[in-house]
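These notes are about the structure you will find just below.
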Amino acid sequence: MNGPAAAGAPDLTRWPAPEGVTERHGPALAAWAASGSSGGRSRVVLVGGGRGTGKSRLLAWLATGSASHRATTVHALVPAAGLFTDTFAWELARQLGYGPLSPDRLLDQLSADERPLLLVIPDLHLAGRGPADRPAALPRTLAAELLTPLLELPFVRAVVEVGESTLLTGLPNTEHLDLGSVAYGADGGTGAGEEGIDSTRDDAVAGAEALLARIVAGPARPTAWAQVSQAVRAQVLDVAPRVPGGGEAVRRLLADPWFLVHGPAVAVTAWLADERVPVPAGVRAAWQVAAPQLTDATLAPGSRAALLHEAALGVDTGLADRLAPLVADLPQRAVRVRRDLLATALAPLPDAPGRAFAAEPAAGVSILDLSAGERAGYLATPVATTADGLVACAGPAALLLTGDGTLVAAGDKTDATADTMARIAAWHGSAGVAGDRARPTALGQRADGGVLIVGDARGEVHVWETSGGGHEPLSTTLHEAPVTAVSGARDRDGRHTLVVSGALDGTVRLWAAPSAPMAEPVERRRSVVTALCAAADDDGPVLAVAWSDLRLHVWHLPTGRVRAVPLLSRCRALAFSGGRRLVVAGEHGTVTLALDLPRLWG
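As structure tokens, this is what we get:
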């Protein structure tokens with residue numbers, strides 16, 4: 001590589017002390033990272049060399065020190081060893097704040113965002129998983145299917161470890177940093193320390209082989225997978241083809257719910273993608289639904305069990321029954337899944353506890369029995385439209401928010417209700433005429449009724465008392481970007497309405513109307529709020545917030561305690577129902593979660 005230019009060289013005194021390979025090659029690599037694409041510099045550096053030459057150490061040094069300056073910040077570090085195209089895309093998308101995305105959706109999202117990125121990708125030459133005769137087992141498949149189009153994007157830069165392979169050598173704007181074949185040790189010498197790594201892996205392989213031999217010998221019985229070391233679990237499917245009777249062992253492993261929860265999720269994904277591998281009914285379909293989340297290495301076994309059980313409820317009740325013992329004691333678990341109930345908005349009926357309006361793209365506005373998960377009727381709507389927001393009023397009646405920001409009244413309206421809805425719709429309609437930034441973008445209500453909440457494209461939130469007859473809302477600016485979701489609940493003493501809002505600026509704000517809003521957001525993240533709902537509870541107000549990266553945050557507002565719960569698909573709407581249950585409406589149907597709130601918050 002070219003040496004660092006004096007003007008653009010980063011301050012390496014703020015980086016980890018360089019030694020050995022990092023002392024020799026680190027300054028030039030750091031200068032390349034700081035230079036951006038200026039001066040005709042390459043956008044991709046391929047780091048090659050033999051085993052033990054310090055390739056991974058050099059990349060780790062770069063990633064660790066990069067945060068010392070904005071110009072050198074690494075936006076994602078994705079070790080490619082053992083990953084294939086889908087699982088690499090899911091992990092990269094997670095680290096970039098999108099949540100898991102398919103390869104095509106990830107490329108589309110990055111192309112739309114045109115977001116400058118610096119990526120670090122160790123061990124591309126060790127990529128691949130699953131049966132050896134399938135493309136997913138080969139590093140070149142990941143390189144061709146995803147990394148080549150990814151690294152051709154003009155705003156993406158990367159440092160990629162390629163070993164002694166020729167992977168990605170045909171890419172334009174690429175330079176090669178060859179560390180040679182002489183191994184570096186911890187002191188920059190001849191490779192001391194490699195033996196420890198190899199012996200640890202050899203021990204794991206030997207443990208996996210012994211475990212597989214016991215599984216093949218039978219009789220088949222549940223294995224205490226939680227007590228098997230993670231190193232052995234990680235190897236067990238990879239080792240299986242080399243063990244006598246390995247095919248039968250794989251079949252038994254993939255039929256074992258305990259293994260599906262505790263085993264290596266990436267390897268399970270690769271083997272289940274091979275239709276030649278026989279598995280019980282429902283396993284492959286359920287895993288396919290849940291795999292993008294299950295492959296998140298940060299998930300605890302309980303969260304994996306909950307996700308797989310939820311996926312099974314939607315495709316195979318027999319598998320769900322076999323998984324039930326693994327989720328019985330969890331503080332959150334799915335109790336009902338309706339794949340045929342696609343809702344873009346939910347609104348609990350204040351005068352009919354346990355029921356809610358649901359805006360369905362294909363069916364209009366239905367009346368949903370939340371306890372049974374069944375439709376109990378339909379609401380007459382004046383226009384055929386998909387509602388992005390929905391509130392319930394007396395009648396029963398509803399106010400709908402359409403995609404263009406129009407508020408539309410529907411249902412059996414009393415004179416008072418009709419007057420209220422017409423007044424609110426007219427006020428926001430006239431504001432929208434004054435400018436597109438004033439158009440409504442979010443619609444919600446206080447859980448017990450009486451208050452309607454509107455968020456707009458300017459970041460303002462407007463609170464309407466529906467029974468007071470006022471002609472103006474209580475309004476304030478809470479965000480610096482369009483509001484995406486609003487909700488409300490009474491506080492403990494009943495004197496204030498706790499208004500909660502989320503927006504495209506990645507913040508959640510709390511406003512105890514009519515007092516002044518909180519000065520700082522309740523939460524700020526790199527993702528976008530897609531839905532939220534607040535409700536009163538015996539222990540104080542609770543809040544559920546769904547994010548675009550498939551995370552659900554459940555808050556106890558009086559104490560600020562929060563618990564993150566992974567979701568299987570993007571959430572469009574949320575509603576609390578009786579018995580501390582939460583209805584989650586998303587891209588792939590509607591799920592009812594049972595929440596043990598005190599245990600959820602620990």
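Numbering (UniProt numbering), first residue to last: 1 to 602. Just so it is clear, CB atoms sit at the ideal spot from N, CA and C, and this is done for glycine as well. Because the structure is a prediction, the values reported are computed rather than measured.
Item to check | Identity of the residue in G54, A31, L552, Q332 nearest E523 by Cα | outcome: L552
Item to check | Span of the alpha helix (DSSP H) around R88 | outcome: Strictly speaking, residue 88 in this sequence is Phe, with Arg absent from that position. For F88, the uninterrupted alpha helix (DSSP H) run begins and ends at 85-95, by DSSP.
Checklist entry - Got a sec? Which residues, its chain only, sit under 8 Å from L349 by beta carbon, not counting five neighbours each side? => result R355, A356, F357, I367, A392, P396
Item to check | Sheet register partners of E460 (DSSP bridge) | outcome: T477
Next on the checklist: Which complete beta strand (DSSP E) runs does the region 371-441 hold, if anything under 3 residues is left out?
Outcome noted: 374-379, 387-393, 397-402, 407-411
Checklist entry - Curious, which full-length beta strand (DSSP E) runs of at least 3 residues does the region 42-77 contain? => result 44-48
Checklist entry - Cβ of R43 within 7 Å of any heavy atom in the ligand ZN? => result You won't find the ligand ZN in this model; it holds no ligand whatsoever.
Checklist entry - Between L59, R57, L58, V583, which lies nearest to A345 when the distance is taken from Cα to Cα? => result V583
Checklist entry - Just the Cα atoms here: how many angstroms apart are S56 and G50? => result 11 Å
Next on the checklist: Please tell me whether L401 and G389 are closer than 8 Å, where the distance is taken between their beta carbons.
Outcome noted: In contact: L401 and G389 (Cβ atoms closer than 8 Å).
Checklist entry - L443: which of R423, W464, A305 sits nearest, CA to CA? => result W464
Item to check | Cutoff 8 Å; reference D11; Cβ partners in own chain excluding five residues on either side | outcome: S68, H69
Next on the checklist: Which runs of the beta strand (DSSP E) at least 3 residues long sit entirely within the region 122-178? Give them in chain order.
Outcome noted: Taken in chain order, the complete beta strand (DSSP E) segments of 3 or more residues contained in the region 122-178 are 156-163, 174-178.
Item to check | Assigned exposure category for R509 - 16 Cβ within 10 Å defines buried | outcome: buried
Checklist entry - In three-state terms, what does DSSP make of D549? => result Shown here, D549 sits in coil according to DSSP, grouped into three states, outside any helix or strand.
Checklist entry - If you check the beta carbons only, do L177 and H25 fall under 8 Å apart? => result yes
Item to check | Whole-angstrom C-beta distance between A489 and P541, which should lie under 8 Å | outcome: 5 Å
Next on the checklist: Just to confirm, is the Cβ distance from A575 to C533 under 8 Å?
Outcome noted: Yes, they are a contact pair.
Checklist entry - Does the beta-carbon distance from R458 to A438 come in below 8 Å? => result Contact: yes.
Next on the checklist: Once DSSP output is grouped into helix, strand and coil, what is the label at S111?
Outcome noted: helix
Next on the checklist: Please give the ranges of any beta strand (DSSP E) in the region 548-593, keeping only runs that are unbroken, at least 3 residues long and fully inside the region.
Outcome noted: 551-556, 561-566, 571-577, 581-586
Item to check | Residue span of the beta strand (DSSP E) that contains residue 611, given as start and end | outcome: This structure gives no information on residue 611, because the portion of the chain shown stretches from 1 to 602.
Checklist entry - Going along the chain, which residues of its own chain have a beta-carbon closer than 6 Å to the beta-carbon of F155, five neighbours each way excluded? => result Hits under 6 Å: E114, P116.
Checklist entry - Any idea what DSSP makes of W511, helix, strand or coil? => result Look at W511 here: in three-state DSSP terms it is strand.
Item to check | Through-space distance from L46 to T530, alpha-carbon basis | outcome: 38 Å
Next on the checklist: Which residues does DSSP list as the beta-bridge partners of A531?
Outcome noted: A546
Next on the checklist: Please state whether the Cβ-Cβ distance between G405 and P382 is less than 8 Å.
Outcome noted: no
Checklist entry - Out of curiosity, what's the CA-to-CA distance linking D549 and W225? => result 29 Å
Next on the checklist: Please return the same chain residues whose Cβ sits closer than 6 Å to the Cβ of D596, not counting the five positions on each side in sequence.
Outcome noted: These residues qualify, in order along the chain: P331.
Next on the checklist: Could you compute how far the alpha carbon of F259 sits from the alpha carbon of R322?
Outcome noted: 12 Å
Item to check | the region 96-111 in contact with the region 303-321 per 3-pair CB rule at 8 Å | outcome: no
Checklist entry - Going by DSSP, which residues form a beta bridge with R14? => result DSSP lists no partner for R14.
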